[in-house]
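Asks: Would you mind keeping the following structure in view while I ask a few things?
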Amino acid sequence: MRIARFTSGGDPRFAVVEGEAGSEELVVVAGDPLHTPLSPTGQRVALADARLLAPVIPRSKVVGIGRNYAAHAAELGNEVPAEPLVFLAPNTSVAGPGDPVVVPGWAGELHYEGELAVVIGRFCRDVPPERVPEVVFGYTVANDVTARDRQKSDGQWWRAKGADGFCPIGPWIETELDPADLRITTRLDGEVVQDSRTSLMVRDVAALVSHVSSAMTLLPGDVIMTGTPEGVGPVRAGQRVSVEVEGIGVLENPFVAR
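Each residue of the sequence shown is one higher than the one before, counting from 9 in the numbering used here.
This is the structure in C-alpha cells:
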C-alpha cells in the first residue's frame, strides 16, 4: 500500500495511492495513518491535480547511517566501521518531492546520496532484529544531501547533513515491501550516477533499526536512512537529482541557488 501526503490547495492531507503510473488517484483518508486506522473519506483526487509533500514529517528525528555500503566507504577513502556509523538530522531538514534544495553559500561541495529510508510506525526501544518488521510502518526514498567540504571541516555533521532541505524524502511510503534486495538508481540531469542494490548493505534494515533502538526510543514517523551506495558526486544549482528505489517510486528535486 502506498501512503501519500499531499495538498490540493488547502491543508495537507493523507491518501492511499491507487492506479498505475500516469493514472494514479489519491484516495483521501481521515487523520494521520501513522496514528489512526485507515478511514477513507470517499473523496478521490487525481494525482495530477495534487502536489505531493514529504510523506512524513518526523515527530522527533531523522537518523542517518554512514558508510553502510563497502564500495561507498572505499570511494571516499574510508574503512567500513566496526559498528553502524550513526548521525542525527533535525526534522527541519526534511523536504518533499519536487521541492527545491537551496544550495547554501557556505557549501563549497554539495553531493547527492540516494538511499532507502525506513519509516517507524510505533514507539519502540531495544528491538531485537527479528522483531523489527513489527515496528516498521513502511519505506520511502531519500536523498541524503551532504556538504562534503563541511563534513570534513566541521567534525560534527550538524550542517553538512542537517541543513534546511538537505533530506528530501518521498514520493510516498510503501507499507508492503521486502527491503532485502531492491535496486537503487540515482540520476543527475537524467544520467545514471548510482546503480546498486540494498542487498549490498553492510548491515541490513533489521540490524540498523535494532542498533539505533538500543540507544534511543524511536517514535512513530521517525525516519532512518540506510546509507548510500557508491557513485556519489557533486551537484550544483541548476541541476536535478532523481532517486529511484525499486518497488517504491522516484523522488526528484531541483537544486537552486540561494
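Cβ coordinates follow ideal geometry from the N, Cα and C atoms, glycine included.
Should Val200 go down as buried or exposed, given a rule of 16 or more other Cβ atoms within 10 Å for buried?
Replies: For the purposes of this step, residue 200 is identified with residue 192 of the sequence shown, where counting begins at 1. Its Cβ having fewer than 16 others within 10 Å, Val200 is exposed.
Asks: Within the continuous beta strand (DSSP E) that includes Glu83, where are the two ends?
Replies: Reading the sequence shown from its first residue, position 75 is the one you call residue 83. Segment 78-83 is the alpha helix (DSSP H) holding Glu83; no beta strand (DSSP E) there.
Asks: Would you kindly report the start and end of the unbroken alpha helix (DSSP H) that includes His43?
Replies: By one-based count along the sequence shown, residue 43 stands at place 35. Note, His43: premise wrong, no alpha helix (DSSP H); not H, not E.
Asks: Starting from Leu55, follow its DSSP beta bridges and name the residues at the other end.
Replies: By 1-based counting over the sequence shown, the position of residue 55 is 47. DSSP output for Leu55 lists no bridge partner at all.
Asks: Look at Val71 and Val94 and say whether their C-beta atoms are less than 8 Å apart.
Replies: Locating residue 71 in the sequence shown gives position 63, counting from the first residue. Locating residue 94 in the sequence shown gives position 86, counting from the first residue. Cβ atoms of Val71 and Val94: closer than 8 Å.
Asks: Could you check whether Ile256 and Leu208 sit closer than 8 Å to each other, using their CB atoms as the reference points?
Replies: Position 200 of the sequence shown holds residue 208. Position 248 of the sequence shown holds residue 256. Not a contact, by the Cβ cut-off of 8 Å.
Asks: Hey, Val153 and Leu196 are a contact pair by Cβ (cut 8 Å); roughly how many whole angstroms apart?
Replies: Here residue 153 corresponds to residue number 145 of the sequence shown, with the count starting at 1. Here residue 196 corresponds to residue number 188 of the sequence shown, with the count starting at 1. About 13 Å separates the two Cβ atoms, so there is no contact after all.
Asks: Which residue marks the beginning of the beta strand (DSSP E) containing Arg205, and which one marks its end?
Replies: Position 197 of the sequence shown, counted from the start, is the residue given in the question as residue 205. From DSSP, the beta strand (DSSP E) with Arg205 extends over 199-205.
Asks: Which residue comes first and which comes last in the alpha helix (DSSP H) that contains Ala214?
Replies: The count along the sequence shown starts at 1 and reaches residue 214 at position 206. Start and end: 213-221.
Asks: Could you check where the beta strand (DSSP E) with Ser31 kicks off and where it finishes?
Replies: Reading the sequence shown from its first residue, position 23 is the one you call residue 31. Where Ser31 is concerned, there is no enclosing beta strand (DSSP E), given that its DSSP letter is neither H nor E.
Asks: How about Val53 and Ser16: do their beta carbons lie closer than 8 Å?
Replies: Here residue 53 is taken as the residue at index 45 of the sequence shown, counted from 1. Here residue 16 is taken as the residue at index 8 of the sequence shown, counted from 1. Taking 8 Å as the Cβ cut-off, Val53 and Ser16 qualify as a contacting pair.
Asks: Taking a contact to mean a Cβ-Cβ separation below 8 Å, would you say Val144 touches Ser218 in this structure?
Replies: The residue given as residue 144 occupies position 136 in the sequence shown. The residue given as residue 218 occupies position 210 in the sequence shown. The answer is no: Cβ separation not under 8 Å.
Asks: Report yes if the C-beta distance between Ala90 and Ala115 is below 8 Å; otherwise report no.
Replies: Here the question's residue 90 lines up with position 82 in the sequence shown. Here the question's residue 115 lines up with position 107 in the sequence shown. No, the Cβ-Cβ distance between Ala90 and Ala115 is not below 8 Å.
Asks: What does the alpha-carbon distance come out to for the pair Pro48 and Glu182?
Replies: In the sequence shown, the residue the question calls residue 48 occupies position 40. In the sequence shown, the residue the question calls residue 182 occupies position 174. Rounded to the nearest angstrom, the two C-alpha atoms are 17 Å apart.
Asks: With Asn99 and Pro66 assumed to form a contact (beta carbons below 8 Å), what rounded beta-carbon distance in angstroms separates them?
Replies: Your numbering for residue 99 matches position 91 in the sequence shown. Your numbering for residue 66 matches position 58 in the sequence shown. The pair is a contact, with the Cβ atoms about 5 Å apart (cut-off 8 Å).
Asks: How many angstroms separate the CA atom of Asp172 from the CA atom of Glu87?
Replies: Start at 1 with the first residue of the sequence shown, and residue 172 comes out as number 164. Start at 1 with the first residue of the sequence shown, and residue 87 comes out as number 79. Answer to the nearest angstrom: the Cα atoms are 29 Å apart.
Asks: Give me the DSSP bridge partner(s) of Arg21.
Replies: As a working mapping, residue 21 is identified with position 13 in the sequence shown. Answer is Phe14.
Asks: Compute the Euclidean distance between the alpha carbons of Arg158 and Trp165, then round it to the nearest angstrom.
Replies: By 1-based counting over the sequence shown, the position of residue 158 is 150. By 1-based counting over the sequence shown, the position of residue 165 is 157. Cα to Cα, Arg158 sits roughly 8 Å from Trp165.
Asks: Near Val243, which residues of its chain fall below 7 Å by C-beta distance, leaving aside the five closest residues on each side in sequence?
Replies: Residue numbering aside, residue 243 sits at position 235 when the sequence shown is read from its first letter. Correct list, in chain order: Leu118, His119, Tyr120, Leu196, Val249, Phe263.
Asks: Only counting the same chain, and skipping five residues up and downstream in sequence, which positions put a Cβ closer than 7 Å to that of Leu216?
Replies: Here residue 216 is taken as the residue at index 208 of the sequence shown, counted from 1. The answer, listed in chain order, is Ile73, Pro92, Ile232, Thr234.
Asks: Quick one, which of Val258, Ile11, Gly246 has its alpha-carbon nearest Val110's?
Replies: Locating residue 110 in the sequence shown gives position 102, counting from the first residue. Of the candidates Val258, Ile11, Gly246, the one whose C-alpha sits nearest the C-alpha of Val110 is Gly246.
Asks: Grab the span of the alpha helix (DSSP H) containing Ser161 for me, first residue to last.
Replies: Looking up residue 161 in the sequence shown gives position 153. Note, Ser161: alpha helix (DSSP H), 156-162.
Asks: Does the beta-carbon distance from Glu123 to Thr236 come in below 8 Å?
Replies: Looking up residue 123 in the sequence shown gives position 115. Looking up residue 236 in the sequence shown gives position 228. Yes, Cβ-Cβ distance for Glu123 and Thr236 is below 8 Å.
Asks: Val127 and Gly146 - do their beta-carbons sit closer together than 8 Å?
Replies: Residue 146 sits at position 138 when you count from the first residue of the sequence shown. Residue 127 sits at position 119 when you count from the first residue of the sequence shown. Yes; because the gap between Cβ atoms is below 8 Å, this pair is in contact.
Asks: Going by DSSP in three states, Thr288 sits in which element: helix, strand or coil?
Replies: The structure shown does not extend to residue 288, since the chain is modelled only from 9 through 266, so no value can be given for it.
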